[in-house]
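Each remark here refers to the structure printed beneath this line.
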Amino acid sequence: MQNKNNTICFFNSAIAWGGGEKWHFDMAVALQKKGYNILFFANEKSELSKRLEDTKIKTIKLKVTNLSFLNPLKINFIKTKLKEHNVETIIINLSQDLKLAGFAAKRAGVKNIVY
Numbered sequence: 193m194q195n196k197n198n199t200i201c202f203f204n205s206a207i208a209w210g211g212g213e214k215w216h217f218d219m220a221v222a223l224q225k226k227g228y229n230i231l232f233f234a235n236e237k238s239e240l241s242k243r244l245e246d247t248k249i250k251t252i253k254l255k256v257t258n259l260s261f262l263n264p265l266k267i268n269f270i271k272t273k274l275k276e277h278n279v280e281t282i283i284i285n286l287s288q289d290l291k292l293a294g295f296a297a298k299r300a301g302v303k304n305i306v307y
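Residue numbers for the sequence shown follow the numbering used here, beginning at 193 and rising by one.
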């Protein structure tokens with residue numbers, strides 16, 4: 193069972209707005225309203241990032257490419273943020289996100305990695 197003192201993280205680097213982005217956004221907002229701590233990683237140029245600005249959800253904006261999973265600085269940055277925010281569960285959207293955030297989450301000791 194999720195402890196409300198721990199954080200649920202959503203990781204979605206898509207630039208375009210679509211069904212997956214709507215689901216991530218709606219779930220993050222709904223869970224925050226239920227008292228869960230939410231952390232969101234979103235592409236700095238995405239529609240999702242813009243919509244998150246109108247919420248109280250802690251959002252970290254970053255650029256993710258197909259080769260980001262090879263960047264040790266980016267992996268370490270994500271790992272550090274996941275640990276800082278006591279993330280217990282991370283929900284990942286895209287395969288390129290899984291290669292990057294999934295690896296960082298594993299290194300950070302995140303219990304639940306959902307793709």
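Every residue gets a Cβ at the ideal spot worked out from N, C-alpha and C, and that includes glycine. Model, not experiment: these values are computed from the prediction.
Judged by DSSP secondary structure, threonine 199 falls within the beta strand (DSSP E) whose first and last residues are 199 to 204. About 20 Å separates the Cβ atoms of phenylalanine 232 and phenylalanine 261, ruling out a contact at the 8 Å cut-off. Taken through DSSP and simplified to helix, strand or coil, leucine 231 comes out as strand. Within its own chain, the residues whose Cβ lies closer than 6 Å to the Cβ of isoleucine 283, once the five positions on either side in sequence are excluded, are Phe202 and Val306, listed in chain order. One thing to note: tryptophan 215 has its Cβ no nearer than 8 Å to the Cβ of glutamate 239. Sorting Ala206, Thr247, Ser205 and Ser287 by C-alpha distance to the C-alpha of lysine 225 places Thr247 at the top. For lysine 214, the enclosing alpha helix (DSSP H) starts and ends at 211 to 225.
Secondary structure of threonine 251 (DSSP, three-state): strand.
For threonine 272, the enclosing alpha helix (DSSP H) has its first and last residue at 264 to 276. Contact annotation: glutamate 276 and asparagine 304 have beta-carbon atoms that are not nearer than 8 Å. By the criterion of a C-beta distance shorter than 6 Å, lysine 250 is surrounded in its chain by Leu231, once the five residues flanking it on both sides are discounted.
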